[in-house]
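Read the sequence shown against our numbering and you will find it ends at 812, with the numbers running on by one and no gaps.
Below is one structure; the comments refer to it alone.
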Amino acid sequence: MKLLPPGYNDWAFISQSPLNGWVLAVAAVVTLAIVTMSVLAYLRAGRRYLVLGALHVVAALSVLIVVVQPALDLRAVTRIPGRIAFVIDDSQSMAENDGLPKSRAERVNQWLAEHQAELDALKGQNPIEYYTLSGPGRATRAQGPESDLLQALRPPLSSNDKARPLSAVVLVSDGADTEALGQAATAAERKKLAERLAAADVPVNTITVGGKRSADLYISGVIQDPIAFVRNTVKVEVRVEQKGLGAVTVPVSLKREGSLVTQQTARVPESGAAKVQFEIVPAEVGEFVFTVEVPVQPDEAVVENNKREFIVKVVRDKIRALLVSGRPSWDERFLRRSLKLSPNVDLISFFILRTPSDFQPVPQNESSLIPFPTHELFETELHTFDVVVLQNFDYRPYNMAYLLKNLREHVLNKGGALAMFGGESSFGGGAYAQTPLADVLPVEMAAAEMDSRDFQPVLTTAGEKHPVLRLQAASTSRSKAIAALPKLSGVMKVDGLAPGGTALLVHPDLKARDGSPMPVLAVREVGKGRTLAVTTDTLWRWSFADKMRGESGQAYERLIAQMFRWLMRDPEASRLRLVASRDRVRVGESVDYSVRVLGADYQPLPKAPVTLTISEHSRPDTVTSGETAEDGTYSYSYTVQHGGVVRAKAEARLEDDPLEATLLVYGDDADKERAALGSRDDVMGAIADATGGVAQSLDRADPSAWARAKATTTNVDRHQEIALWNTWAALLVVVSVLAVEWWLRRRWGFV
């Protein structure tokens, strides 16, 4: 407005009336009604009445002006244009180069440098702010573990308000969304998801970063239970997708530690995903790394996402044990009862009531005693048992010599466990020295000879620290505790320890062939399995030890339980334990490792030297070392750098026993990012279409073509109000109109 006083560039009419707005509105309506009725009445009454009506209208409007109290508001205002928000993808997929010399992130930086002049000119009109997928700021390098484009756009869009309006948002990304938008199977689903952004009423312009080679076959997901049970079926579902290849049929391979387990065929459609399902039956307890792979296709842009690792942690829901006894006895009875009472043991037991050579007065089909199922137990079903216990059992009447080799292989190669308990039909008495079991048992067997005297077994140096004989509180001497137990009666003589065998209890008088005390309780680690030998059949006497002193009587039950825990490699039976704060961790986040070392008495060992080695794919090993604290623990926090399996190995080189433990942790979300490495112009297009923006590719991006909202902020720096109703001229008009109307009424005889 050119007529405004100096220093002002805007104006407006305002009301200075102290009355509420609704009161002024009522006054205006009443005035309008009066004016309307006056005009209609005087129009039908002649010229004189028309003049009086006009004066009446002017008088009514004058009164309304006095009530409203209008004023002129002069203003000095500053108009600020709306901001433009750049959201630049900084996820790991931006490190891909699509077969070009530079990565996607490098090409974005190059584009920004080349268009700096245009952006500077744009900045003069619209302030520019920068965001990344992880938050405000310029992207420095591709490192984010995920790409949630909808979530990344919410912070700039939510900043749109009257004080700081947005003119436009520019999203620079490869479109490799790892969340809902990228996983939408159809264009309609993508559009529906992107429409959530339209509520901000700000156009989102998209710039897609990709390459000429956009074909990609990839594994987009692996679903499996994190915990599996040994000898139970584990189902693994693999999701395979493609981009730019059309419908393809490819083999999907499942490997364990690099060795092929099985293979299936996936028919990947042109849109959507193919799912294949594998079934694994783990035969042993532990943590295992599996890999699923699809072959690399011709001209495929990204090959890193053609395979994916995952961890299967195999545990036991129950120990499945087979107990075979040569005949009913007290040893068999107490052993079977102890195992049946344990909630962690699923026991199948057989004890022989008659042999094939026993006299049988009735036909076989009329007898209630079933034949001993040797073939079913030791060939067909042997793989289903974790522990096989032979208690005073002679295999010879059942022609089982050829089946014992299966039991040997079960221990050596399958990680099974074998325990043999004494009696006249065990060890040499059962002629086991001539069988394959001689290769795995912890003792060398002599001729069949029993010593029937009572004796008190003696604890060995190894027995002092071995977990099998952890029968009492740590403060109590093990040798004293063993000496306080009832004497045993009778022992089957053996020649001594087998190679690799360890004696935990020995006879006080009898000697082995080499002159050392003869083993009574011995253990051995052989192949993948473990074995245990008890050369007496009177351990059950220890069940009465505490009861004779009026106590609960747990020595025997503890001994049997500890035997089975050691045979099954229970972690609690290890003197070195390695644990992690979590088994799955995001890339860039930390996992806390704790190494605990126990002494020979299985109590926390302070100042023990510990070495922890952590390995990730394609990275140098991280090695740290130190000493344990007073509670026997050594802690270390490690930041996961890459997706996939992270291997940790703890070592404690003690003088008496070198200890080792391993643990696997999974770097989770980086694999989601790797699974979506291909650029997605369809995802970027859905965002632009839903918000009224413009979709462009990086090589053709033009800032002048971006859609922008008319968003400006008007700031009033100062203002001045000039009243229009309380001047002498306004009062003179009101008084004059009323006076003239009264005078005319008198003159024309209307008063």
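Just so it is clear, CB atoms sit at the ideal spot from N, CA and C, and this is done for glycine as well.
Bear in mind that the values here come from a model prediction, so they are computed numbers and not experimental data.
For the alpha helix (DSSP H) containing M745, name the first residue and the last one. D742 to T752
Out of S577, S655 and V313, state which residue places its alpha-carbon closest to the alpha-carbon of G693. S655
Buried or exposed (CB count within 10 angstroms, at least 16 for buried), K526: buried
Can you name, in chain order, every residue of its own chain whose Cβ lies under 6 Å from the Cβ of L383, other than the five neighbours on each side? I409, F446 and V449
By how many angstroms is the C-alpha of S538 removed from the C-alpha of L479? 29 Å
In the structure shown, what three-state DSSP assignment does M461 receive? coil
Looking at C-alpha atoms only, which residue of F395, V701 and H176 is the closest neighbour of P764? H176
Range of the contiguous beta strand (DSSP E) that encloses A709: G705 to R714
Under 9 Å between C-beta atoms of T723 and E348: yes
My output table needs one value for W849: the three-state DSSP class, helix, strand or coil. Any question about residue 849 goes unanswered here, given that the chain covers just 62 to 812.
T326 - partner residues in DSSP beta bridges: P312
Span of the alpha helix (DSSP H) around M624: A616 to L628
Could you give the residue range of the alpha helix (DSSP H) that holds A259? That residue, A259, is in no alpha helix (DSSP H); it is neither H nor E in DSSP.
Give every residue of the same chain whose Cβ lies closer than 6 Å to the Cβ of E618, excluding the five residues on either side of it in the sequence, and list them in chain order. S399
Own chain residues within Cβ distance below 7 Å of G611, not counting five before or after: Note that G611 scores a pLDDT of 44, beneath 50, so its modelled location is shaky; the value from the coordinates is reported in the next line. If we look at G611 and ignore the five residues flanking it on each side, it has no Cβ neighbours.
M553 bridges to which residues according to DSSP? M511
Would D150 be called buried (16 or more neighbouring beta carbons within 10 Å of its own) or exposed? buried
For the putative contact between V552 and G483, defined by C-beta atoms under 8 Å, what is the C-beta separation to the nearest angstrom? 6 Å
Any contact of the segment 223-243 with the segment 262-269, i.e. 3+ C-beta pairs under 8 Å? yes
Just to confirm before moving on: does the CB-CB distance between V313 and V299 stay below 9 Å? yes
Cα-Cα separation between R769 and P359, rounded to whole angstroms: 42 Å
For P226, count neighbouring Cβ atoms within 10 angstroms of its own Cβ and tell me buried if that reaches 16, exposed if not. buried
Pull up the CB-CB distance for T592 and V501, whole angstroms please, since I reckon it's below 8 Å. 5 Å
What is the DSSP secondary structure of A334, reduced to helix, strand or coil? coil
For the candidate residues A245, R761, I126 and T193, whose alpha-carbon lies nearest to that of R741? A245
Separation of D570 from S486, as counted between CA atoms: 22 Å
DSSP puts K296 in a beta bridge; with which residues? E340
Give me, in chain order, the residues of the same chain whose beta-carbon lies closer than 6 Å to that of K379; leave out the 5 immediate sequence neighbours on both sides. N405 and D407
Which residue's Cα is closest to the Cα of R514: L549, K771 and L306? L549
DSSP three-state label for S818, please. Only positions 62 to 812 of the chain appear in the structure, and residue 818 is not among them; the question remains open.
Rounded separation between R317 and E365 - CA only: 19 Å
Give the DSSP-derived three-state secondary structure of P434 in the structure shown. coil
Cβ contact (3+ pairs, closer than 8 Å) linking the segment 459-476 and the segment 495-510: yes
Whole-angstrom distance between S676 and A709, CA atom to CA atom: 6 Å
How is the beta strand (DSSP E) around A499 delimited, first residue to last? Run containing A499: none; DSSP gives neither H nor E here.
Tell me whether V375 sits in a helix, a strand or coil according to DSSP, three-state version. strand
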